[in-house]
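Counted the way my numbering counts, the sequence shown spans residues 18 to 822. By construction, the Cβ of each residue, glycine as well, lies at the ideal position given by its N, Cα and C atoms.
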Amino acid sequence: MSTTSISANMNNVPILNGTNFKDWKENILIVLGCMDIDLALRMPKPNALTAQSTPEETVYFEKWDRSNRLSLMIMKRGISEVFRGAITEDVTVAGEFLSEIQKRFAKNDKAETSTLLASLISIKYKGKGNVREYIMEMSHLASKLKALKLDLSDDLLVHLVLISLPAQFNQFKVSYNCQKEKWTLNELISFCVQEEERMKQERTESAHLASTSKHTGKRKHKGKEVAIPQGEQHPGPFAKYLEECGIVPQYTMPGSPGMNGISERRNRTLKDMGSRYSGLRLLSQISLPPSPAPEAAAAPAPTQISLPPSPAPKAAAAPAPTQISLPLSLAPKAAAAAPAPTQISLPPSPAPKAAAAPAPTQISLPQSPAPKAAAAPAPTQISLPPSPAPKAAAAPAPTSQTRSYYSSAVFNVLSFGAVGDGVTDDTQAFKMAWDTVCQSESVTLLVPRHYSFMIQSTIFTGPCQSGLVFQIDGTLMPPDGPDSWPKKNSRRQWLVFYRLSGMAMQGGGLIDGRGEKWWNLPCKPHKGVNGRTLPGPCDSPVAIRFVMSSNLTIQGLKIKNSPQFHFRFDGCRDVHIDLLYITAPSQSPNTDGIHIENSNNVKIYNSVISNGDDCVSIGAGCYNVDIRNITCGPSHGISIGSLGLRNSRACVSNITVTDSVVKHSDNGIRIKTWQGGSGSVSTVTFNNIQMDTVRNPIIIDQYYCQTKGCTNQTSAVYISDILYSEIKGTYDIRSPPMHLACSDTMPCTNLTFSDVELLPAQGQLLLDPFCWNAYGDMRTLTIPPVYCLSEGTPQSIPQNDVDRC
Numbered sequence: 018m019s020t021t022s023i024s025a026n027m028n029n030v031p032i033l034n035g036t037n038f039k040d041w042k043e044n045i046l047i048v049l050g051c052m053d054i055d056l057a058l059r060m061p062k063p064n065a066l067t068a069q070s071t072p073e074e075t076v077y078f079e080k081w082d083r084s085n086r087l088s089l090m091i092m093k094r095g096i097s098e099v100f101r102g103a104i105t106e107d108v109t110v111a112g113e114f115l116s117e118i119q120k121r122f123a124k125n126d127k128a129e130t131s132t133l134l135a136s137l138i139s140i141k142y143k144g145k146g147n148v149r150e151y152i153m154e155m156s157h158l159a160s161k162l163k164a165l166k167l168d169l170s171d172d173l174l175v176h177l178v179l180i181s182l183p184a185q186f187n188q189f190k191v192s193y194n195c196q197k198e199k200w201t202l203n204e205l206i207s208f209c210v211q212e213e214e215r216m217k218q219e220r221t222e223s224a225h226l227a228s229t230s231k232h233t234g235k236r237k238h239k240g241k242e243v244a245i246p247q248g249e250q251h252p253g254p255f256a257k258y259l260e261e262c263g264i265v266p267q268y269t270m271p272g273s274p275g276m277n278g279i280s281e282r283r284n285r286t287l288k289d290m291g292s293r294y295s296g297l298r299l300l301s302q303i304s305l306p307p308s309p310a311p312e313a314a315a316a317p318a319p320t321q322i323s324l325p326p327s328p329a330p331k332a333a334a335a336p337a338p339t340q341i342s343l344p345l346s347l348a349p350k351a352a353a354a355a356p357a358p359t360q361i362s363l364p365p366s367p368a369p370k371a372a373a374a375p376a377p378t379q380i381s382l383p384q385s386p387a388p389k390a391a392a393a394p395a396p397t398q399i400s401l402p403p404s405p406a407p408k409a410a411a412a413p414a415p416t417s418q419t420r421s422y423y424s425s426a427v428f429n430v431l432s433f434g435a436v437g438d439g440v441t442d443d444t445q446a447f448k449m450a451w452d453t454v455c456q457s458e459s460v461t462l463l464v465p466r467h468y469s470f471m472i473q474s475t476i477f478t479g480p481c482q483s484g485l486v487f488q489i490d491g492t493l494m495p496p497d498g499p500d501s502w503p504k505k506n507s508r509r510q511w512l513v514f515y516r517l518s519g520m521a522m523q524g525g526g527l528i529d530g531r532g533e534k535w536w537n538l539p540c541k542p543h544k545g546v547n548g549r550t551l552p553g554p555c556d557s558p559v560a561i562r563f564v565m566s567s568n569l570t571i572q573g574l575k576i577k578n579s580p581q582f583h584f585r586f587d588g589c590r591d592v593h594i595d596l597l598y599i600t601a602p603s604q605s606p607n608t609d610g611i612h613i614e615n616s617n618n619v620k621i622y623n624s625v626i627s628n629g630d631d632c633v634s635i636g637a638g639c640y641n642v643d644i645r646n647i648t649c650g651p652s653h654g655i656s657i658g659s660l661g662l663r664n665s666r667a668c669v670s671n672i673t674v675t676d677s678v679v680k681h682s683d684n685g686i687r688i689k690t691w692q693g694g695s696g697s698v699s700t701v702t703f704n705n706i707q708m709d710t711v712r713n714p715i716i717i718d719q720y721y722c723q724t725k726g727c728t729n730q731t732s733a734v735y736i737s738d739i740l741y742s743e744i745k746g747t748y749d750i751r752s753p754p755m756h757l758a759c760s761d762t763m764p765c766t767n768l769t770f771s772d773v774e775l776l777p778a779q780g781q782l783l784l785d786p787f788c789w790n791a792y793g794d795m796r797t798l799t800i801p802p803v804y805c806l807s808e809g810t811p812q813s814i815p816q817n818d819v820d821r822c
């Protein structure tokens with residue numbers, strides 16, 4: 018090494034003073050390592066050379082001696098004379114010399130621990146840099162504390178990070194607190210980065226909106242400027258409660274039709290559809306005629322998609338068909354007559370009732386000429402099945418208006434390396450496919466038919482571009498049972514969809530939860546197939562879970578044998594569920610068909626559910642839920658609750674269950690709450706529901722308890738304004754047809770019964786209803802009569818304790 022190089026490296030070493038020992042030592046080690054003379058620091062001093070020393074020992078001794086001399090020279094040059102004089106000249110080994118210096122700068126571990134811990138607790142993220150660097154800095158401080166034998170768990174570090182995040186992350190923090198699952202530090206970093214990107218995007222969009230609408234808020238009127246109201250949000254107590262649970266209420270503002278959810282997506286204008294198809298971005302599953310051919314080719318028959326017409330209101334003439342003709346593709350000269358246009362028939366606008374059937378709205382698309390002498394292909398048709406209707410229902414549920422369609426680009430998971438043999442782990446292929454479609458607009462992620470894909474516990478994270486379709490035509494399945502479930506993966510959930518908007522999940526395939534081996538884990542007791550009491554699910558995963566998502570469409574799927582809930586929606590809004598087929602054995606524990614919590618504007622239509630728990634369960638924080646045309650059972654019926662667990666507050670309102678069938682179930686329509694809770698259940702309508710051999714057709718249970726040791730408490734969820742109308746059928750005589758057990762201190766009020774007719778499924782014995790602290794009235798005579806119902810308003814309600822949300 019040249020003298021110039023040595024001098025340059027030595028100049029990189031700072032002069033040691035009273036405060037920079039750590040930096041000085043790091044620089045010394047780097048310089049000596051780069052110069053390849055750090056052998057004396059890494060290895061002990063070799064024995065002195067003798068006449069018997071081998072050539073290898075001689076070479077090693079000379080190399081170590083040179084390293085030692087140069088290391089001492091460089092270290093002494095980087096030390097001020099004050100510190101150099103404090104070390105005796107007897108120290109001639111570089112490693113010992115460095116140790117002597119280090120002794121004079123030794124720190125008190127307790128003091129350093131206190132300093133680092135104070136820094137870790139007091140550090141705050143102020144938005145500078147990025148959140149990933151900030152969390153890594155906190156992790157670095159935790160690593161230093163660990164080196165000082167103060168080991169902080171990952172869970173504690175995750176909580177410290179969340180606490181230190183600013184107010185902009187409050188919704189994100191509450192979302193974490195509302196979940197039972199714990200995040201690792203790496204998962205937290207990933208979610209925080211996504212949340213920060215989302216907030217940046219929202220700020221950018223808000224700034225753009227503000228700049229573009231700067232002059233739209235006022236208009237001149239007779240020489241004066243008049244303010245145009247743009248719409249404001251005035252959150253009430255219920256909205257504030259939703260914010261506490263991690264849900265920010267969204268209101269549709271004037272001029273923002275994109276927030277109208279599913280209805281906006283359905284009602285595309287002809288102009289939109291014309292522009293969409295004008296670029297020949299045709300649906301992937303429509304067979305178009307072959308390529309251009311010379312003259313005399315026969316015109317191909319039109320390719321058609323037939324959709325059911327929309328229902329028509331009363332007394333209007335049928336509208337004439339609206340047609341949009343797009344220019345034909347240029348054909349070669351001397352081509353024969355222009356081919357027939359490809360047509361897509363769409364349902365017309367609604368016409369009044371009793372009018373003639375409306376002509377279809379048609380869009381004529383460009384059609385390429387067919388090859389010479391090619392026969393005209395038969396039209397390809399896709400017809401949506403009619404919605405099933407319940408037995409003995411007086412009025413059918415509204416016709417489903419959702420469409421089963423592919424978007425313009427289709428990404429097959431097989432193209433990303435998925436095998437689909439039901440044994441190979443296809444998780445990574447699905448993740449790669451998701452990352453691709455999430456970044457593209459109006460695309461389809463296709464799970465092809467005739468394949469079975471095994472996927473481990475996975476979180477599919479948004480936000481994604483609009484128009485994403487998850488098309489399940491094949492079979493999806495998790496690992497087979499708890500022994501096959503990787504320990505590193507969450508056992509609380511299988512497939513999670515987080516922060517998505519405008520997504521559709523649909524298809525004719527199957528989701529197989531493979532829950533048989535989970536149902537007998539030692540936890541909650543339940544009855545087995547042979548009637549014996551068996552232990553129950555413990556940390557069993559939910560099959561499909563949507564979290565903090567909006568404008569969702571779930572339709573046409575078959576799902577069976579989930580270890581726990583089949584579908585779960587947390588913190589979601591504008592959800593449309595249609596044409597689902599959900600099955601599990603009647604003795605399978607906690608296998609609710611659809612569970613919703615902290616969600617609003619949810620529609621559940623035209624589905625068949627049979628399982629070992631509730632067909633549909635509605636948890637706390639739900640409002641504006643419409644359930645229609647459900648065939649439920651065997652099961653535990655359709656339930657609101659359980660609510661108020663562990664003295665929690667629960668608010669549920671504006672729930673409608675209508676035009677449905679419940680058969681061979683333990684319960685029919687149920688409201689269940691725990692003792693000690695607070696909040697309210699109000700404005701609930703059960704209408705036109707057929708019961709077939711149901712043990713408890715109508716039940717309110719404010720003493721819900723899964724053990725025998727639950728004590729009665731003074732507070733309870735307040736139940737009021739419940740309507741039971743046209744509830745008819747048969748009940749199992751093991752229980753009374755109506756069981757209204759309200760709280761001792763918080764009576765149920767304004768319970769209304771109209772046209773209720775419940776008869777015993779066997780024998781002639783007509784059982785009387787059971788009432789406890791229940792107030793309301795019978796608008797018509799019911800069978801059996803509810804004479805136990807108290808009239809009027811109770812005088813004993815402690816108004817100060819009533820929490821009406």
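Excluding the five sequence neighbours on either side, which residues of its own chain have a C-beta within less than 7 Å of the C-beta of D556, listed in chain order?
R508 and R509
| task | Compute the Euclidean distance between the alpha carbons of V513 and N713, then round it to the nearest angstrom. | result | 34 Å
Same chain only: Cβ atoms within 6 Å of T1, ignoring 5 sequence neighbours per side: Examination of residue 1 is not possible in this model, given that the chain is present from 18 through 822 alone.
In chain order, what residues of the same chain have a beta carbon less than 6 Å from the beta carbon of G112, not counting five sequence neighbours either side? L58
TODO: For E212, count neighbouring Cβ atoms within 10 angstroms of its own Cβ and tell me buried if that reaches 16, exposed if not.
DONE: buried
Should G437 and L431 be called a contact, given that it needs their Cβ atoms to be closer than 8 Å? Result yes, Cβ atoms of G437 and L431 sit closer than 8 Å.
Please classify D630: is it buried, with 16 or more other beta-carbons within 10 angstroms of its beta-carbon, or exposed?
Of the residues assessed, D630 falls on the buried side of the cut-off, its CB having 16 or more other CB atoms within 10 angstroms.
*asked:* Does C51 come out as helix, strand or coil in the three-state DSSP assignment?
replied: Note: C51 maps to helix in three-state DSSP.
Next item on the list: May I have the straight-line CA-CA distance separating Y720 from H756, to the nearest angstrom?
Entry: 12 Å
Counting beta carbon pairs with one atom in the region 771-779 and one in the region 732-750, are three or more of them shorter than 8 Å?
yes
Pick from C51, F78 and L56: whose alpha carbon is nearest that of N64?
-> F78
Suppose you measure from the CA of V30 to the CA of R83; what does that come to, to the nearest Å? 20 Å
* **Rounded Cβ spacing between D772 and S742 (contact assumed at less than 8 Å)** => 6 Å
Report the three-state DSSP secondary structure of M763 (helix, strand or coil). coil
Using alpha carbons as the reference points, say which of M708, S659 and V669 lies closest to S677.
M708
| said: Do Q523 and V559 have their beta-carbon atoms positioned less than 8 Å apart in this structure? | reply: no
Neighbour-count burial assignment, P580, 16 or more Cβ in a 10 Å radius:
buried
### Message
Check whether chain D comes within 8 Å of F38, counting only Cβ atoms and requiring the distance to be less than that.
### Response
The chain labelled as chain D is not found in the depicted structure, where only one protein chain is given.
Subject >> Residues near V148 by beta carbon distance below 7 Å, same chain, minus five either side >> reply: Only Y142, C209, V210 and E213 meet the Cβ criterion.
Extent of the continuous alpha helix (DSSP H) run through K620
Element bounds for K620: not the alpha helix (DSSP H) but the beta strand (DSSP E), N617 to S627.
Span of the beta strand (DSSP E), counted from its first residue to its last, around H157: Where H157 is concerned, there is no enclosing beta strand (DSSP E), although the alpha helix (DSSP H) it sits in stretches over V148 to A164.
Looking at the secondary structure, which residues open and close the beta strand (DSSP E) in which Y77 lies? No beta strand (DSSP E) contains Y77, which is instead part of the alpha helix (DSSP H) from P72 to R94.
### Message
Using a Cβ-Cβ cutoff of less than 7 Å, which residues in the same chain neighbour L158 once the five nearest sequence positions on both sides are dropped?
### Response
L133, S136 and L137
Specify the secondary structure class of G530 as computed by DSSP and reduced to three states. coil
Cβ contact (3+ pairs, closer than 8 Å) linking the region 524-532 and the region 492-502: yes
Practice item. Mark G525 as exposed unless 16 or more other C-beta atoms lie within 10 angstroms of its C-beta, in which case mark it buried. Key: exposed
Please go through the same chain and pick out, in chain order, the residues whose beta-carbon is closer than 7 Å to the beta-carbon of L182, but skip the five residues on each side of it. Y142 and K190
- Message: Only counting the same chain, and skipping five residues up and downstream in sequence, which positions put a Cβ closer than 6 Å to that of Q572?
- Response: Same-chain partners within the cutoff: T419, Q523, D595 and L596.
Is G491 near Y468, with beta carbons less than 8 Å apart?
Cβ atoms of G491 and Y468: closer than 8 Å.
Notebook entry, point to check: Can you tell which of S634, Y598, N641 and D609 has its C-alpha closest to the C-alpha of N623?
Noted result: Ranked by Cα distance from N623, the first of S634, Y598, N641 and D609 is Y598.
Notebook entry, point to check: Can you list, in chain order, the residues of its chain whose CB lies under 6 Å from that of D55, leaving out five sequence neighbours each side?
Noted result: So the list reads L49, once near-sequence residues are dropped.
request  = Output the distance between the C-alpha atoms of F787 and F563, rounded to the nearest integer angstrom.
outcome  = 39 Å
Quick check on the burial criterion: 16 or more other C-beta atoms within 10 angstroms. Buried or exposed for V674? It is buried - the Cβ of V674 has at least 16 other Cβ atoms within 10 Å.
Just to confirm the assignment: which complete beta strand (DSSP E) runs, minimum length 3, are found wholly within the region 456-488?
As far as the region 456-488 is concerned, its whole beta strand (DSSP E) runs of at least 3 residues are 460-464, 469-471 and 475-478.
For this session: Starting from V803, follow the beta strand (DSSP E) in both directions and report where the run begins and ends.
Result: Counting along the chain, V803 falls outside any beta strand (DSSP E), and DSSP gives it neither H nor E.
Per DSSP, what kind of secondary structure is H756 in: helix, strand or coil?
-> strand
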